[in-house]
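The block underneath contains the structure these notes are about, expressed in C-alpha cells.
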Amino acid sequence: MRIGEICTVQTIFCTRDETVQGAALLMRKNHVGDLVVIEQPDGERVPVGIITDRDIVVSVIALGLDASSLLVGDIMSGDLLTTSEDDDVYETIERMRFRGIRRVPVVNSAGGLAGIVSVDDLLEFLAEEMGELSRISTHQQAHEKRARQ
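The numbering used here numbers the first residue of the sequence shown as 260 and each following residue consecutively.
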C-alpha cells in the first residue's frame, strides 16, 4: 500500500520565521503536537523541518527562554526525513524505525507538502491488517464446513 493512502492530508504548517510562541498557539488551536516547517519557492510548500511540542518544552520552556522572542527556525529539527506519497508503507516504517522518528512529512512528485504520517497512523493501518489476517481462520473453517456437507 502507498503511504499517500494512509497519511493525514490536512497538515498544519508554519515558516521558520514564526515565533515559537506562535507555533505553540497553532498547535493548540489545531489540536496537534507538531508543525511541518515549510518554505514556498514558486508557491509550492516544501518541507524543510519539523517542530514538535516536545521541542518547545525541552529547548525553550525547560531552559526558561522566552518563546515569544525565539523563532521556529532556531529550534526546529532540520535533518528532515520525508517520504513520497507513492512510497510503500512498510519501507516508510523501516526508514522511521532506523532513524527513530515518529512523524514524517509526505511529499508529492514536485517535493511539495502532501501530508504527514505518524506512528499512530501506521499503528491503525497495521491493526486493520492484523484484523484481516485474524479473519482467515474463520473464513477457512466456514469454507471447510460448506465443502464437507
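Note that CB positions come from ideal geometry on N, CA and C, so glycine has one too.
Residue closest to residue i, alpha-carbon to alpha-carbon, out of the options
i: residue 306; options: 339, 386, 392, 391; result: 339
i: residue 262; options: 281, 295, 383; result: 383
i: residue 374; options: 349, 296, 357; result: 296
i: residue 268; options: 344, 298, 290, 302; result: 344
i: residue 264; options: 407, 377, 395, 405; result: 377
i: residue 280; options: 313, 325, 302, 260; result: 325
C-beta contact flag for residue i and residue j at 8 Å
i: residue 331; j: residue 273; result: yes
i: residue 315; j: residue 336; result: no
i: residue 397; j: residue 329; result: no
i: residue 294; j: residue 284; result: no
i: residue 304; j: residue 371; result: yes
i: residue 342; j: residue 354; result: yes
Buried or exposed (CB count within 10 angstroms, at least 16 for buried), residue i
i: residue 320; result: exposed
i: residue 386; result: exposed
i: residue 348; result: buried
i: residue 317; result: exposed
i: residue 406; result: exposed
i: residue 322; result: exposed
Bridge-paired residues (DSSP) for residue i
i: residue 273; result: 296
i: residue 372; result: 366
i: residue 308; result: 296
i: residue 330; result: 278
Next on the checklist: For the structure I just gave you, are there three or more beta carbon pairs, one from the stretch 388–395 and one from the stretch 361–368, closer than 8 Å?
Outcome noted: no
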